[in-house]
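Per UniProt numbering, residue 1 is the first one in the sequence shown, and the count goes up by one each step.
Even glycine gets a Cβ: it sits at the ideal position worked out from N, Cα and C.
Have a look at the structure below, then the notes.
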Amino acid sequence: MAEYLASIFGTEKDKVNCSFYFKIGACRHGDRCSRLHNKPTFSQVTSFFSVLKHVRNAKYEWSKFNCAISDMEMQEHYDEFFEEVFTEMEEKYGEVEEMNVCDNLGDHLVGNVYVKFRYEEDAEKAVIDLNNRWFNGQPIHAELSPVTDFREACCRQYEMGECTRGGFCNFMHLKPISRELRRELYGRRRKGRHRTRSRSRERRSRSRDRGRGGGGGRGDHERRRSRDRERSGRF
């Protein structure tokens with residue numbers, strides 16, 4: 001019996017534990033789910049919820065002012081968000097193996113970010129720190145995720161362009177980054193560059209520094225940048 005229960009754990013045959021939470025780290029029923037959501041005590045994956053809503057809503061907000069935003073501009077906006085979060089995760093917490101962002105519309109998946117660290121202790125450190133931070137005027141809700149294989153969590157039909165459930169699918173629809181950014185972020189290790197900002201971010205940082213002018217030491221400057229990010233909804 002014990003062997004059988006172990007074999008069906010987290011599957012649709014399991015009548016006790018929620019298979020969706022086990023595979024995806026989120027369930028549309030939330031706390032009302034009739035099955036157990038077993039939250040891991042250790043994991044390589046950190047998830048934080050509804051963070052990307054502001055990127056998805058940006059097009060709608062600008063449309064109210066009759067300002068059209070092209071798909072290319074939206075992709076650039078998303079790439080900047082992705083790069084900033086990815087870089088900060090590595091610089092503050094540890095090496096990132098993989099980062100994914102949900103493009104779903106369902107409340108339990110919309111804007112969710114999943115970061116897979118190389119080491120479990122780095123994921124734990126990230127959860128502790130992120131739960132004391134704010135983003136886009138809202139407190140960040142982060143937790144260790146049971147997700148171990150993103151291939152199992154993703155919608156295969158969506159990847160083939162055949163998902164009929166659209167944005168309300170209960171499996172992950174991952175929002176892609178540009179090829180150039182993917183090569184830049186994930187190619188750093190192949191080039192032996194560890195935890196360094198990309199050239200584009202360095203240029204943006206230097207531009208912002210020149211705009212602010214002098215005054216204060218480096219420590220004061222970093223503290224101001226941290227406050228500005230939280231106020232403006234950035235990491």
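Run of the alpha helix (DSSP H) containing residue i, from where it starts to where it stops
i, result
"residue 181", "179-186"
"residue 72", "71-92"
"residue 23", "19-24"
"residue 31", "Per DSSP, residue 31 belongs to no alpha helix (DSSP H) and is neither H nor E."
"residue 165", "Note, residue 165: premise wrong, no alpha helix (DSSP H); not H, not E."
"residue 125", "120-130"
Whether residue i touches residue j by CB criterion (9 Å)
i, j, result
"residue 78", "residue 52", "yes"
"residue 118", "residue 143", "no"
"residue 145", "residue 25", "yes"
"residue 92", "residue 123", "no"
"residue 174", "residue 115", "no"
"residue 95", "residue 42", "no"
"residue 17", "residue 35", "yes"
"residue 186", "residue 171", "no"
"residue 86", "residue 99", "yes"
"residue 147", "residue 15", "no"
Beta-ladder partner(s) of residue i, from DSSP
i, result
"residue 142", "48"
"residue 100", "114"
"residue 135", "138"
"residue 174", "102"
First and last residue of the uninterrupted beta strand (DSSP E) at residue i
i, result
"residue 150", "Residue 150 -> not in any beta strand (DSSP E); alpha helix (DSSP H) instead, spanning 150-153."
When the options are compared against residue i, the one with the closest alpha-carbon
i, options, result
"residue 33", "177, 42 and 19", "19"
"residue 75", "50, 103, 89 and 88", "103"
"residue 112", "158, 72, 45 and 16", "45"
"residue 167", "133, 154 and 179", "154"
"residue 132", "37, 48 and 21", "48"
Interface flag, residue i vs chain C, CB-CB below 9 Å
i, result
"residue 44", "Annotation note: the requested chain C is absent from the structure, which comprises a single protein chain."
Pairwise C-alpha distance: residue j and residue i
i, j, result
"residue 164", "residue 156", "12 Å"
"residue 181", "residue 83", "8 Å"
"residue 139", "residue 50", "10 Å"
"residue 130", "residue 141", "7 Å"
"residue 40", "residue 162", "33 Å"
"residue 21", "residue 184", "32 Å"
"residue 178", "residue 72", "10 Å"
"residue 237", "residue 160", "This structure does not reach residue 237, given that the chain is present from 1 up to 235, and the question cannot be answered."
"residue 214", "residue 128", "Because the pLDDT at residue 214 is just 47, under 50, the model does not fix this residue reliably, and the point stays unresolved."
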